[in-house]
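I have placed the structure first, in the form of structure tokens, so that the comments after it can refer back to it.
Numbering (the UniProt record's numbering), first residue to last: 1 to 589.
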């Protein structure tokens with residue numbers, strides 16, 4: 001009898017086709033039964049003293065260990081985020097940006113933090129276009145889409161206001177894992193392999209040498225179960241923990257980053273890094289029904305798109321139809337398409353372009369809802385709201401025993417980032433600048449020292465005015481529509497926290513984009529409605545008859561990564577859920 005190593009078993013789990021030449025297992029056998037709840041889901045996690053939900057089980061354990069050692073939910077969130085930058089480099093890292101919503105039980109207030117970075121202060125749109133040549137958009141790779149990494153500054157902003165342990169203590173678990181190694185998780189291994197293939201097709205266009213040394217030294221991606229180490233990242237995090245925020249933006253680490261970027265023909269300077277700062281912002285909330293309010297962050301993020309969808313959908317009772325019905329799917333898809341027309345036209349860095357306040361009014365929601373034809377998909381454009389006054393990702397959430405609730409999202413944007421790794425630092429720069437428009441008339445047009453349109457959004461839910469739930473769902477344009485789908489599952493269809501995330505989703509893609517010209521033609525005005533196999537065949541056929549272009553995708557990749565924690569305001573009991581489409585874990589104590 002031949003025994004398999006743990007690595008070999010995990011490899012078979014990650015790549016089942018290598019184990020046998022047979023039909024996929026889901027075609028051989030169906031779901032089992034459950035004594036309670038849907039057969040396609042599992043129980044949510046319930047605990048009392050503290051809880052974390054992240055995209056990697058070891059990061060969840062790091063968060064819980066931090067709570068047990070006396071840390072606040074913010075300490076635990078920072079510790080988990082650092083761990084995910086090592087363990088899930090396909091979704092995040094300190095080369096990217098961060099957004100967070102925090103409920104503070106002491107002040108009874110909801111705080112928002114925008115930790116996104118800006119473009120070089122000394123490079124104009126004309127100079128950028130000269131570098132781009134004949135290209136009509138920014139690339140996904142190389143120096144041009146790089147913006148200042150905002151994560152480290154955001155960590156310290158959060159910590160200065162809500163932290164209890166030292167930053168060195170918060171980062172120590174990841175420093176240890178980076179030096180001693182950790183086993184790669186199956187879904188992350190798959191994404192690493194996909195990332196290597198994507199970069200390899202384009203690496204003659206940018207410097208991929210440092211990235212190869214860190215993640216792909218033997219010419220291939222780490223496999224599931226393989227022990228991975230990143231000593232360069234260990235040294236970087238240790239320096240940040242010891243010397244503080246300024247080590248990254250003004251000290252030796254900044255010097256290394258700027259020297260490397262300038263070698264790649266980037267316009268960034270030491271002054272650009274030193275000038276970076278995060279911004280505390282006020283979340284806005286929209287009431288749905290039954291006392292539920294969804295709360296999101298303002299632009300330059302796309303969070304308000306979810307609020308616009310809520311204000312549209314509150315005008316129809318979705319619960320009169322089954323969740324997988326063509327009627328429910330049609331109204332939700334059309335609400336998404338209407339909201340995203342406005343996203344692409346108006347959302348941008350508020351320091352450069354004010355957002356029309358009317359976008360979030362219930363009256364405007366009714367006006368947009370009135371455009372929906374119940375019988376067929378319709379071509380839309382952006383609305384004309386009145387102006388009053390002047391984007392792979394990781395999501396995590398932590399709640400502590402005192403009732404502090406943290407909803408945190410962090411990303412390098414597309415894939416692992418733009419492919420550039422500063423010498424000896426062990427992390428990749430984000431490529432978030434790909435989302436600038438090159439049309440000078442667009443609110444999201446590239447400009448010096450400007451933040452690009454951002455896809456990453458944390459969310460928070462209130463119930464009857466009280467703090468109730470942290471919520472996030474990774475994945476570019478999937479995020480606002482994912483937030484709303486989960487909220488609808490809970491409020492209109494009575495699903496528990498885990499079922500609300502496990503249920504089959506849709507992802508409408510296409511239509512007007514934030515990078516489009518204001519006056520130019522729209523390449524794909526109707527877009528495509530991607531759905532998971534759990535959507536009934538009859539519904540898919542009816543949606544196609546209504547004019548929707550529908551495609552079924554069965555690998556889960558397009559439909560985000562969900563985490564959530566709810567807190568009972570009377571008992572303090574915590575209920576957590578995590579994403580079946582990722583490697584993650586919700587756990588508490």
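The beta carbon of each residue, even a glycine, is placed where N, CA and C say it ideally should be. Every value quoted in this text rests on a predicted model; they were computed, and no experiment measured them.
For residue 463, the enclosing beta strand (DSSP E) begins and ends at 459-463. In this structure, DSSP gives residue 248 a helical state, which the three-state scheme calls helix. Between residue 350 and residue 300, the gap from beta carbon to beta carbon is short of 8 Å. In the displayed model, residue 402 falls within coil according to three-state DSSP, outside both helix and strand.
In the three-state DSSP reduction, residue 183 falls in the strand class (E or B).
Two segments are said to touch when three or more pairs of C-beta atoms, one from each, lie closer than 8 Å; by this definition the segment 57-65 does not touch the segment 25-42. Here residue 99 is bridged, per DSSP, to 114 and 409.
Beta bridge pairing from DSSP links residue 552 with 531. Cβ atoms of residue 515 and residue 413 stay farther apart than 8 Å, at about 13 Å. Distance check between residue 44 and each of 581, 582 and 577 places 577 closest, using alpha-carbon atoms only.
Taking residue 463 as reference, the option from 568, 549 and 523 with the minimal CA-CA separation is 568. Per the C-alpha coordinates, the member of 95, 158 and 47 positioned closest to residue 425 is 95. Ranked by Cα distance from residue 585, the first of 40, 64, 48 and 111 is 64. Positions of the beta strand (DSSP E) runs, each at least 3 residues long and wholly inside the segment 461-493, are given as 466-473 in order along the chain. Closest by C-alpha distance to residue 183, out of 552, 398 and 87, is 87. Three or more beta-carbon pairs separated by less than 8 Å link the segment 142-150 to the segment 114-122, which places the two stretches in contact. The distance from the Cβ of residue 461 to that of residue 487 is about 7 Å, consistent with a contact at the 8 Å cut-off. Here the C-alpha atom of residue 588 lies approximately 15 Å from the C-alpha atom of residue 469. By the Cβ rule, the segment 354-362 does not count as touching the segment 394-402, because fewer than three pairs are nearer than 8 Å.
Each of 522, 526, 553 and 523 was checked against the Cα of residue 537, and the nearest Cα belongs to 553.
Separation of the CB atoms of residue 37 and residue 499 is rounded to 6 Å, and the pair is thereby assigned contact status at 8 Å.
Secondary structure of residue 41 (DSSP, three-state): coil. For residue 567, the uninterrupted beta strand (DSSP E) segment begins and ends at 562-567. Pairing residue 493 with residue 542, the inter-Cα distance amounts to about 21 Å.
Excluding its 5 nearest sequence neighbours in each direction, residue 198 has C-beta neighbours in its own chain below 8 Å: 415, listed in chain order.
Apart from sequence neighbours up to five positions away, the residues of its chain that approach residue 51 with a beta-carbon distance below 6 Å are 399, 565, 574, 576 and 588, ordered along the chain. Taking the C-beta atoms as reference points, residue 81 is found no nearer than 8 Å to residue 99.
Here the segment 166-179 lies against the segment 227-241, with 3 or more beta-carbon pairs under 8 Å apart. Residue nearest to residue 405 within the set 91, 101 and 371 is 101 (criterion: CA-CA distance). Residue 128 places its beta carbon less than 8 Å from that of residue 446.
Annotation: the continuous alpha helix (DSSP H) that includes residue 215 extends over 209-215. The segment 365-381 makes contact with the segment 543-552; the number of CB pairs closer than 8 Å reaches 3 or more. Put simply, of 318, 523, 294 and 277 the residue whose alpha carbon is nearest the alpha carbon of residue 157 is 277. By the criterion of a C-beta distance shorter than 6 Å, residue 403 is surrounded in its chain by 105, once the five residues flanking it on both sides are discounted. For residue 200, the secondary structure class from DSSP, reduced to helix, strand or coil, is helix. In this structure, residue 479 sits near residue 560, with a CB-CB distance shorter than 8 Å.
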